[in-house]
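Residue numbers (the working numbering): 19 to 434.
We treat Cβ as the ideally placed atom computed from N, Cα and C, and that holds for glycine.
Reading through the structure tokens given below for one structure.
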């Protein structure tokens, strides 16, 4: 008698070409079908399909101040939804020649609700508000460990679709398929308030253009506005972001001619920071908080580096009436790739795990002198939804610098 075989079939639009793990969103649910081969020959009475999710956080300590190395662990069950088909005969065969029957499933994930804070004690991960997005991160989080031993942290948010075929009370066959679930709370989030994360972001920097055998040199500043959120689509291989960049160069010490052509190499690198908590968080944590408490770890990961060259020529005089009236400026939009054939988790926050992104931008400038700039610009990653509020109007401008007054009309804004 041929063995019973179970296989999952998901919609083509749920996975990127070449990826073995389908991607679903909370607002669409998880849907597909189970194909059971040789059902009639194995006397199957019942088919059970289960969508299961769990969270595992591990924060390890190997620092010298601890007498014994130890790991602290938090586990939570996120989901358990069951769909049962009692009679295989109700489902027609997919082919007259092949003993194969299909069992469709469509798991509708619970809609969000505005629960009062006192109601949240029943569910520590707030499944009625936000589901943690699928992540799997392992890495060092503490630099105080001695030698080659690092304090490491790990988090797994894993969702699986399981299928079981029963003959009576006995399971005669099983199959498991991992799926990724992303919960998009807001497809058009407001900009990040960078003052809430001191020391993590740098959107403008000023240096002197150094020249060989000369102490004098023009000052130069580069300012990058916070970009609009990056919307990633499963059917696109490369996702790109437009950065609004402003270049400022002051007048020379003896004349007021515009700067010569500026040759700039731009190196970009996506940085993700995953915050792994052992105690419940109330808001987005900071890297500084993770350094102060043993119950919170911040694990950074980096994407693929990209490079681009710019040639800045058309300089214009800054408007009079402020401190930069003796400066020349050039504003441009630089498109840089961020991801390639990948589906990173969106920016999200839940009480036991959260993720934020930033882009490291390194500018190497050559012209009237040489200077290097290193900026860390916040970036939010979202996915398109069908829930659909209209996209906000974006007005991105270079940020204000403490040493150079750009005026109130030049603040970085993109508003609903």
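Measure from the alpha carbon of residue i to the alpha carbon of each residue in the options, then state which is nearest.
i           : options               : result
residue 236 : 384, 318 and 337      : 384
residue 80  : 170, 190, 378 and 180 : 170
residue 266 : 331, 250, 70 and 64   : 331
residue 190 : 394, 63, 392 and 320  : 63
residue 117 : 155, 61 and 68        : 61
residue 289 : 276, 320, 314 and 299 : 320
residue 207 : 311, 367 and 295      : 367
residue 99  : 78, 66, 120 and 316   : 66
residue 294 : 78, 197 and 285       : 78
residue 199 : 38, 45 and 382        : 45
residue 157 : 197, 27, 318 and 285  : 318
residue 283 : 197, 187 and 382      : 382
residue 401 : 221, 391, 254 and 38  : 254
residue 27  : 221, 179, 391 and 333 : 179
residue 70  : 125, 278 and 154      : 125
residue 38  : 175, 197 and 211      : 197
residue 335 : 269, 120, 101 and 240 : 269
residue 391 : 240, 244 and 333      : 240
residue 220 : 101, 168, 244 and 306 : 244
residue 175 : 168, 155, 192 and 160 : 155
Under a Cβ-count criterion, where at least 16 other Cβ atoms within 10 Å of its own Cβ denotes burial, should residue i be classed as buried or exposed?
i           : result
residue 357 : buried
residue 301 : exposed
residue 393 : buried
residue 75  : buried
residue 291 : buried
residue 115 : Because residue 115 carries a pLDDT of 48, less than 50, the predicted location of this residue cannot be relied on, and the following value inherits that uncertainty. Residue 115 comes out exposed.
residue 262 : buried
residue 344 : exposed
residue 103 : buried
residue 351 : exposed
residue 246 : buried
residue 2   : The question about residue 2 has no answer, for the chain in this structure spans 19 to 434.
residue 264 : buried
Going straight from the alpha carbon of residue i to that of residue j, what length do you get?
i           : j           : result
residue 304 : residue 374 : 10 angstroms
residue 29  : residue 194 : 17 angstroms
residue 123 : residue 43  : 15 angstroms
residue 185 : residue 41  : 32 angstroms
residue 183 : residue 51  : 14 angstroms
residue 223 : residue 380 : 11 angstroms
residue 314 : residue 398 : 22 angstroms
residue 389 : residue 329 : 15 angstroms
residue 311 : residue 88  : 15 angstroms
residue 308 : residue 287 : 23 angstroms
residue 242 : residue 177 : 38 angstroms
residue 48  : residue 127 : 8 angstroms
residue 502 : residue 387 : The displayed coordinates of the chain run from 19 to 434. Any statement about residue 502 would go beyond what the structure contains.
residue 280 : residue 376 : 26 angstroms
residue 73  : residue 173 : 7 angstroms
residue 97  : residue 346 : 57 angstroms
residue 274 : residue 248 : 40 angstroms
residue 68  : residue 316 : 33 angstroms
residue 299 : residue 371 : 8 angstroms
residue 202 : residue 396 : 18 angstroms
residue 33  : residue 251 : 10 angstroms
residue 188 : residue 120 : 21 angstroms
residue 297 : residue 348 : 48 angstroms
residue 369 : residue 276 : 53 angstroms
residue 403 : residue 285 : 31 angstroms
residue 238 : residue 306 : 30 angstroms
residue 378 : residue 212 : 15 angstroms
residue 210 : residue 101 : 41 angstroms
Examine the ligand MN and report whether any of its heavy atoms sits within less than 8 angstroms of the Cβ of residue i.
i           : result
residue 346 : The model on display carries no ligand, and the ligand MN is accordingly not part of it.
Taking Cβ positions only, does residue i come closer than 9 angstroms to chain C?
i           : result
residue 382 : Annotation note: the requested chain C is absent from the structure, which comprises a single protein chain.
*Could you tell me whether the segment 149-163 touches the segment 357-372, where touching means 3 or more Cβ pairs closer than 8 angstroms?*
yes
*Could you tell me whether the segment 47-58 touches the segment 20-27, using the rule of 3 or more Cβ pairs below 8 angstroms?*
yes
*asked:* Quick check: the segment 222-229 against the segment 312-332, are at least 3 beta-carbon pairs closer than 8 angstroms?
replied: Because the criterion of three Cβ pairs below 8 angstroms is not met, the segment 312-332 and the segment 222-229 do not touch.
*Can you list the beta strand (DSSP E) stretches of 3 or more residues lying completely in the segment 211-246, in chain order?*
Counting whole runs of 3 or more residues, the segment 211-246 contains the beta strand (DSSP E) stretches 222-226 and 237-242.
*Where are the alpha helix (DSSP H) runs, 4 residues long or more, that stay fully inside the segment 302-345, in chain order?*
305-310
*asked:* Three Cβ pairs or more, each shorter than 8 angstroms: is that satisfied between the segment 211-218 and the segment 91-100?
replied: Under the 8 angstroms Cβ criterion, the segment 211-218 does not count as touching the segment 91-100, having fewer than three qualifying pairs.
_Does the contact criterion of 3 or more C-beta pairs under 8 angstroms hold for the segment 344-356 versus the segment 255-275?_
yes
*Report the residue ranges of all beta strand (DSSP E) runs contained in full by the segment 151-201; include only those spanning at least 3 residues, in chain order.*
DSSP runs (the beta strand (DSSP E)) wholly in the segment 151-201: 153-160, 169-185 and 188-200.
*Continuous beta strand (DSSP E) assignments of at least 3 residues falling wholly in the segment 342-408*: Listed in chain order, the complete beta strand (DSSP E) runs (minimum 3 residues) inside the segment 342-408 are 345-358, 366-368, 371-384 and 388-397.
*Which residue spans inside the segment 35-67 form an unbroken beta strand (DSSP E) run of at least 3?*
Taken in chain order, the whole beta strand (DSSP E) runs of length 3 or more contained in the segment 35-67 are 41-43 and 48-55.
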